[in-house]
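Numbering (our numbering), first residue to last: 2 to 165.
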């Protein structure tokens, strides 16, 4: 199902927000959104080795994979909690960026993370979902799994940033 989305212009000026057509309206499918996200990650998501796997416009849910190595660990193969929080924040924030009235970004106003168990070095699957969205604020939730284990869950309140 195609939704009403905007796609970033590919011109260099657009990436800095200096181009008058920073966004243009464009019909995008779920697959288009995943491709779009995977083509424009900021350094923070690249550091976490994040990759969008699926997006559902009907539920505003994004699923991502994150791959860690020994650089993410503090005690043997235990992944440091800040990285786990970052993975959850990325999955939730980019679920919000996929809203039909596409915003240019989000600013996290509040985030609560509950750690269920230790995350070990390797692959994580994170999901982020928009629970409710208003004009300027959205409420999100997310989960981070490793294999079939729930490692952490989070809720977040974000400010939706829009181009002028």
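Glycine is no exception: its CB is placed at the ideal position from the N, C-alpha and C atoms.
Of the listed residues the options, nearest to residue i (C-alpha basis)
i: residue 91; options: 123, 38, 28; result: 38
i: residue 41; options: 84, 111, 156, 106; result: 106
i: residue 62; options: 121, 150, 100; result: 100
i: residue 46; options: 136, 33, 116, 84; result: 84
i: residue 127; options: 115, 56, 145; result: 145
i: residue 135; options: 152, 43, 163, 57; result: 163
i: residue 53; options: 36, 74, 44; result: 36
i: residue 86; options: 31, 29, 120, 76; result: 120
i: residue 148; options: 81, 122, 30, 155; result: 122
i: residue 154; options: 115, 43, 133; result: 115
i: residue 133; options: 113, 152, 156; result: 156
i: residue 137; options: 143, 113, 104; result: 104
i: residue 43; options: 94, 77, 152; result: 94
Delimiting residues of the alpha helix (DSSP H) encompassing residue i
i: residue 109; result: First-last for residue 109: 106–116, but that is the beta strand (DSSP E), not the alpha helix (DSSP H).
i: residue 89; result: 82–98
i: residue 33; result: 31–39
i: residue 48; result: 44–48
Beta-carbon contacts of residue i that lie in its chain and below 7 Å, excluding the five residues immediately before and after
i: residue 110; result: 158, 159, 160
i: residue 131; result: 61, 96, 97, 100, 139, 141
i: residue 150; result: 118
i: residue 64; result: 54, 55, 126, 128
Strand pairing of residue i, partner residues [DSSP]
i: residue 156; result: 113, 142
i: residue 121; result: 79
i: residue 56; result: 63
i: residue 150; result: 147
Endpoints, beta strand (DSSP E) assigned at residue i
i: residue 127; result: 124–134
i: residue 68; result: 62–68
Own chain partners of residue i with C-beta closer than 6 Å, once the 5 adjacent residues on each side are dropped
i: residue 68; result: 50, 124
i: residue 18; result: The predicted model places residue 18 with a pLDDT of 42, which falls under 50 and marks its position as unreliable; any figure quoted below should be read in that light. Excluding residues within five positions, none has a Cβ falling inside 6 Å.
i: residue 79; result: 119
Beta-carbon proximity list for residue i, same chain, < 8 Å, skipping 5 on both sides
i: residue 88; result: 49, 51, 65, 67, 125, 127, 145
i: residue 81; result: 73, 74, 75
i: residue 70; result: 122
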